[in-house]
Structures are given as structure tokens and as C-alpha cells.
Amino acid sequence: MEKALIAMSGGSGKVLLALSGGVDSSVAAALMQEKGYDCIGITMKLYDSETGQACRSRTCCTLEDVEDARQVASTLSMPFYVLNFKDDFQKKVILPFVETYENGGTPNPCIRCNRFMKHDKLYQRAEELSCSYIVTGHYARIEKDESSGRYLLKKAKDEKKDQSYVLYFLSQEQLAHTLFPLGEYSSKEEVREIADKYGFINSDKPDSQDICFVTNGDYGDFLEKFRGKPYPSGDFVDENGKKLGEHRGTVRYTIGQRKGLGLSLKKPMYVSGKNIEKNQVILSDKEGIYFEGLLANDFNWISLPPTGEKTVEAKTRYNGKAVPAIVSVRENGDVFLRFPEKERAVTKGQAVVLYDGDLVLGGGTIIEGYKKI
Numbered sequence: 091m092e093k094a095l096i097a098m099s100g101g102s103g104k105v106l107l108a109l110s111g112g113v114d115s116s117v118a119a120a121l122m123q124e125k126g127y128d129c130i131g132i133t134m135k136l137y138d139s140e141t142g143q144a145c146r147s148r149t150c151c152t153l154e155d156v157e158d159a160r161q162v163a164s165t166l167s168m169p170f171y172v173l174n175f176k177d178d179f180q181k182k183v184i185l186p187f188v189e190t191y192e193n194g195g196t197p198n199p200c201i202r203c204n205r206f207m208k209h210d211k212l213y214q215r216a217e218e219l220s221c222s223y224i225v226t227g228h229y230a231r232i233e234k235d236e237s238s239g240r241y242l243l244k245k246a247k248d249e250k251k252d253q254s255y256v257l258y259f260l261s262q263e264q265l266a267h268t269l270f271p272l273g274e275y276s277s278k279e280e281v282r283e284i285a286d287k288y289g290f291i292n293s294d295k296p297d298s299q300d301i302c303f304v305t306n307g308d309y310g311d312f313l314e315k316f317r318g319k320p321y322p323s324g325d326f327v328d329e330n331g332k333k334l335g336e337h338r339g340t341v342r343y344t345i346g347q348r349k350g351l352g353l354s355l356k357k358p359m360y361v362s363g364k365n366i367e368k369n370q371v372i373l374s375d376k377e378g379i380y381f382e383g384l385l386a387n388d389f390n391w392i393s394l395p396p397t398g399e400k401t402v403e404a405k406t407r408y409n410g411k412a413v414p415a416i417v418s419v420r421e422n423g424d425v426f427l428r429f430p431e432k433e434r435a436v437t438k439g440q441a442v443v444l445y446d447g448d449l450v451l452g453g454g455t456i457i458e459g460y461k462k463i
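Residue numbers for the sequence shown follow my numbering, so the first one is 91 and each next one is one higher.
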């Protein structure tokens, strides 16, 4: 039987629980304790609110979240610690977030937080504490393929809540020592019912939806505050270079964007590209934001990579739909995808994650989209 499934059915030993203060991680903690594990709760301190990087109510990681996590740990009579990872968070998450925007991309900081904070840093701490597993409240599943000996990452049973897209980076070693107790549940309602049963203070708490360190929801404002300077205005241009108006800094726009341009145009136009050297934001009609292919790097294969072309399903956005694609791997490890039917708003800096049904094959970072190949 698969190791991960054995662990989920019951066990002993120590596990390190990432407690965010939300209902999902709280229920994950309760489930692991029910199964007989010796549980240690950990919340990460990632920044100082005094620096202006405070969270809003629809984000994770607020001071309120820390207190909610502490209360849940107390309810479960579980040891609880707050770990200071502020310097690492600044280097590994916030700075790459800023640099990606400055280089014309649109980052996904939640993936980097999961990768470098929750899984790298907590995995290291789990080893120091002699814990067998780290446990989070993510909606995903881990199984072991006995024929190949490889651990597999799969979508959650509740596809509406599935978070496998933000977990594509997990190594075989991490998969072998990670548990996602919520992946087998069919609905969020079931999870909230468990929280109610335990009397958790956060049983009806809304899900976090925003980036925790962007305090007012305006990425451009955050970037300017972080750098201590405004980004220069420049030209909106069409695909032929004709000026259409003035933008407020290239960092404030992303591929596929139509609203918030501040222009009065004769027809709907969308952000279809950026020329960073010329400080231009390029606009086109809807057809101009569809792509025939993409190139990705920093690719992590959970399954074995294909030796030739392989037909897969690909997601290029967290909330996007998986679409058919043909994948091939280049000699340097970069991954090239072409879409039989053009894909909307392929964006540099976002993740592309490949699936075979509910199985995650792997994923990486988009470095270029191709409108024609």
C-alpha cells in the first residue's frame, strides 16, 4: 500500500503542521491528531506590519491569523510556535515579485511562498524536530505509484477547491514526507462542519484571496512604495506603434487586461504585450491576446519527462481552465508547449502546470508566449 495512504489512515510519530489561522489548516491539524500523531503547530512570521506590509482581511498572515492559529492549537492542546522567516520572505518572495513586474511579467507570489517558505523552510525545520511529515491545509492528494516507485501529486477530489497548480514544484523527497488531509474531501462544507464540531473560532472565516503583502490591493502602489520611487509614464500603442494614450507605468498592466486602462477608445482593446525598453504598453483587439505556444523554464517534473512530443492538458493561470497542449523538452531542460487551439493571455511570470486527467505531470515558469509558431 502507498506510504502516503498508510500515513493518512492512521499512524504515530511527530508531524509539523503549518497553521495559517484559516479553517483549512485548522481542520488538517485536527484530523492528524485524530489519527494518533504527535502534532506540533507552526505559524510563520513573514514581515513586519510596521514597515507598511500589513495584510487585509481577505489575505492570509495577519496578526489576527496568528492569534486564530494559536487558539486552534490551544483547543487541540498542541504545542505551538511562531517562526520568523521575514528575511527569507523578503528575498525569496517579495523581491522576485517586484523584479518580475519590472521585467514585464506578472508574478505568482503564492507559488514562491509555498515553495520557499512552507515547503523548503518548514521541511528543514521538520527534520530538525525529527518530524516524519509536514502537513498543510492544501486541497490536493499524494499517492505512490508502486510500479515506478515515484510519488504522485493529484488534484483534490473537490476540483472547485483544488490547489495542485500551486504545488507543482514538490520534489520526490518532499512528496514522500508531506500530507494533505483535505484532499480526499468532496466539499468545503464538509471541512467547515468538522471545524464546527471542534468549536474552532475560525470555522466560518472567509478564505484568503488576496496577496498578503499588498496592503491596498494596488500592485503598482506597492511596487512604488517598495522601490521608493514612481514608475515613469509612457505610451499606450497599438500593434503598429501608433500612440493611443498614456499609461501610468508598465508595472500596472498585465496581458489580457481590458479594464482600468483609463482610455476612451472606439472599440474594446486589450493589453497584448509590453516593450520595456521603450516603456510602452501594447494594445490590440481580442484576437491579439491569443497565443499558439509558450516556453517555460525552472521546470519540475513529478512524473518522468517525455522523450518526444506528448499530448497533455495545461493550465497557464491558477483560475484558468486546463486546455489541450503538445509538450516537448529541449536539451537545456526548458519546456515548449504548443496549443492546438489558441490559448488566451499567456503571460510571462505565471506558472504553466501540466496534467494528465487528475495527475500533475509537472510545471514551470512561463518565460515567453508565442502568438505564432
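All C-beta atoms, glycine included, are put in the ideal place defined by N, C-alpha and C.
Assigned exposure category for Val172 - 16 Cβ within 10 Å defines buried: In the sequence shown, the residue the question calls residue 172 occupies position 82. Answer is exposed; the Cβ neighbour count stays below 16.
Where Gly447 sits in the DSSP three-state scheme: Here residue 447 refers to the residue found at position 357 when the sequence shown is read from its first residue. Three-state result, Gly447: coil.
Buried versus exposed, by CB contacts within 10 Å (16 or more), Asp155: The residue you call residue 155 lines up with position 65 of the sequence shown. That one is buried.
With 16 other Cβ atoms within 10 Å as the buried cut-off, status of Leu243: For this step, residue 243 is matched to residue 153 along the sequence shown. Buried, by the Cβ-count rule.
Chain-order list of residues whose beta-carbon lies under 8 Å from that of Lys376 (same chain, five-residue window excluded): Indexing the sequence shown from 1 puts residue 376 at position 286. Same-chain partners within the cutoff: Pro358, Tyr360.
For Gly398 and Arg240, the rounded distance between their alpha carbons: The residue given as residue 240 occupies position 150 in the sequence shown. The residue given as residue 398 occupies position 308 in the sequence shown. Spanning the two alpha carbons is a distance of roughly 21 Å.
Residues of its chain near Leu107, where Cβ-Cβ distance is below 6 Å and the 5 sequence neighbours each way are ignored: Within the sequence shown, the letter at position 17 stands for residue 107. Counting only Cβ-Cβ distances below 6 Å, and skipping sequence neighbours, we find Ala119, Cys129, Gly131, Val225.
Within 8 Å, strictly: CB atoms of Thr344 and Tyr321: Taking the first residue of the sequence shown as 1, we reach residue 344 at position 254. Taking the first residue of the sequence shown as 1, we reach residue 321 at position 231. Going by C-beta atoms, Thr344 is not nearer than 8 Å to Tyr321.
CB of Val281 within 8 Å of CB of Val113, strictly: The residue labelled residue 281 in the question sits at position 191 within the sequence shown. The residue labelled residue 113 in the question sits at position 23 within the sequence shown. Yes, the Cβ-Cβ distance between Val281 and Val113 is below 8 Å.
Anticipated Cβ contact below 8 Å, Val402 with Leu334, distance rounded: To locate residue 402, count along the sequence shown from 1; it is residue 312. To locate residue 334, count along the sequence shown from 1; it is residue 244. Rounded, the Cβ-Cβ distance is 38 Å, inconsistent with contact.
Reference Tyr127, options Met134, Asn409, Cys221, closest by Cα: Sequence index remark: in the sequence shown, residue 127 carries index 37 (1-based). Of the candidates Met134, Asn409, Cys221, the one whose C-alpha sits nearest the C-alpha of Tyr127 is Cys221.
Cβ neighbour criterion (16 or more within 10 Å) applied to Glu433: The residue given as residue 433 occupies position 343 in the sequence shown. With 16 or more Cβ atoms within 10 Å of its Cβ, Glu433 is classed as buried.
Integer Cβ distance of Gly383 from Phe426, believed to fall under 8 Å: Residue numbering aside, residue 383 sits at position 293 when the sequence shown is read from its first letter. Residue numbering aside, residue 426 sits at position 336 when the sequence shown is read from its first letter. Contact flag correct, Cβ pair sits at about 7 Å.
Arg428 in three-state terms, based on DSSP: As a first step, residue 428 must be located in the sequence shown, where it is residue number 338. Arg428 falls in the strand class under three-state DSSP.
Any 3 or more C-beta pairs closer than 8 Å across the segment 179 to 192 and the segment 303 to 318: yes
Where Gly111 falls, given that 16 or more other Cβ within 10 Å makes a residue buried: As a working mapping, residue 111 is identified with position 21 in the sequence shown. Under this definition Gly111 is a buried residue.
Simplified DSSP assignment, three categories, for Leu313: The residue you call residue 313 lines up with position 223 of the sequence shown. In the structure shown, Leu313 sits in a helix (DSSP, three-state: H, G or I).
Gln347 versus Arg407: straight-line alpha-carbon distance, rounded: On the sequence shown, residue 347 is found 257 positions in, with the first residue counted as 1. On the sequence shown, residue 407 is found 317 positions in, with the first residue counted as 1. C-alpha separation (whole angstroms): 14 Å.
8 Å Cβ cutoff met for Asp248 and Tyr213: Taking the sequence shown and counting its residues from 1, one reaches residue 248 at position 158. Taking the sequence shown and counting its residues from 1, one reaches residue 213 at position 123. No.
contact_flag[the segment 441 to 456, the segment 380 to 395] where n(CB pairs < 8 Å) is 3 or more: yes
N-terminal and C-terminal residue of the alpha helix (DSSP H) that Lys278 is part of: The residue given as residue 278 occupies position 188 in the sequence shown. Note, Lys278: alpha helix (DSSP H), 278 to 288.
Spatially closest choice to Ala415 from Ala404, Lys234, Pro169, Gln264, by CA coordinates: Reading the sequence shown from its first residue, position 325 is the one you call residue 415. Checking every option, the nearest Cα to that of Ala415 belongs to Ala404.
Under 8 Å between C-beta atoms of Val413 and Glu431: Residue mapping note: residue 413 aligns to position 323 of the sequence shown, counting from 1. Residue mapping note: residue 431 aligns to position 341 of the sequence shown, counting from 1. Contact: yes.
Nearest-angstrom Cβ-Cβ length linking Gly227 and Ser115, presumed shorter than 8 Å: Looking up residue 227 in the sequence shown gives position 137. Looking up residue 115 in the sequence shown gives position 25. With a Cβ gap of about 4 Å, Gly227 and Ser115 count as contacting.
Three-state secondary structure (DSSP) of Phe170: For this step, residue 170 is matched to residue 80 along the sequence shown. Three-state result, Phe170: strand.
Helix, strand or coil at Leu219 according to DSSP, with G and I counted as helix: For this step, residue 219 is matched to residue 129 along the sequence shown. Looking at Leu219 - three-state DSSP - the assignment turns out to be coil, as it is neither helix nor strand.
Identified DSSP bridge partners for Pro186: For the purposes of this step, residue 186 is identified with residue 96 of the sequence shown, where counting begins at 1. According to DSSP, which records beta bridges pairwise, Pro186 is partnered with nothing at all.
Whether Asp158 touches Ile301 by CB criterion (8 Å): The sequence position of residue 158 within the sequence shown is 68, counting from 1. The sequence position of residue 301 within the sequence shown is 211, counting from 1. Taking 8 Å as the Cβ cut-off, Asp158 and Ile301 do not qualify as a contacting pair.
Secondary structure, alpha helix (DSSP H): runs of 4+ residues fully inside the segment 193 to 242: 199 to 202, 212 to 218
Neighbourhood of Leu385 by C-beta, 7 Å cutoff - its chain only, sequence neighbours within 5 removed: Locating residue 385 in the sequence shown gives position 295, where the first residue counts as 1. Here the set comprises Asp424, Phe426, Ile457, Glu458.
Helix, strand or coil at Lys135 [DSSP, three-state]: As a working mapping, residue 135 is identified with position 45 in the sequence shown. In this structure, Lys135 counts as strand in the three-state DSSP scheme.
Exposure of Ser362, with buried meaning 16 or more beta-carbon neighbours within 10 Å: Locating residue 362 in the sequence shown gives position 272, counting from the first residue. Buried, because 16 or more other Cβ atoms sit within 10 Å of the Cβ of Ser362.
CB-CB length for Ile463 against Arg428, believed under 8 Å: Taking the first residue of the sequence shown as 1, we reach residue 463 at position 373. Taking the first residue of the sequence shown as 1, we reach residue 428 at position 338. At roughly 6 Å, the Cβ-Cβ gap stays under 8 Å, so Ile463 and Arg428 are in contact.
Through-space distance from Lys211 to Met134, alpha-carbon basis: Along the sequence shown, one-based indexing puts residue 134 at 44. Along the sequence shown, one-based indexing puts residue 211 at 121. Met134 and Lys211: Cα-Cα distance of roughly 10 Å.
Val183 beta carbon less than 8 Å from that of Leu109: In the sequence shown, the residue the question calls residue 109 occupies position 19. In the sequence shown, the residue the question calls residue 183 occupies position 93. No, the Cβ-Cβ distance between Leu109 and Val183 is not below 8 Å.
Those residues which DSSP pairs with Glu458 across a bridge: As a position in the sequence shown, residue 458 is number 368, starting the count at 1. For Glu458, which the question treats as bridged, DSSP gives the partners Leu385.
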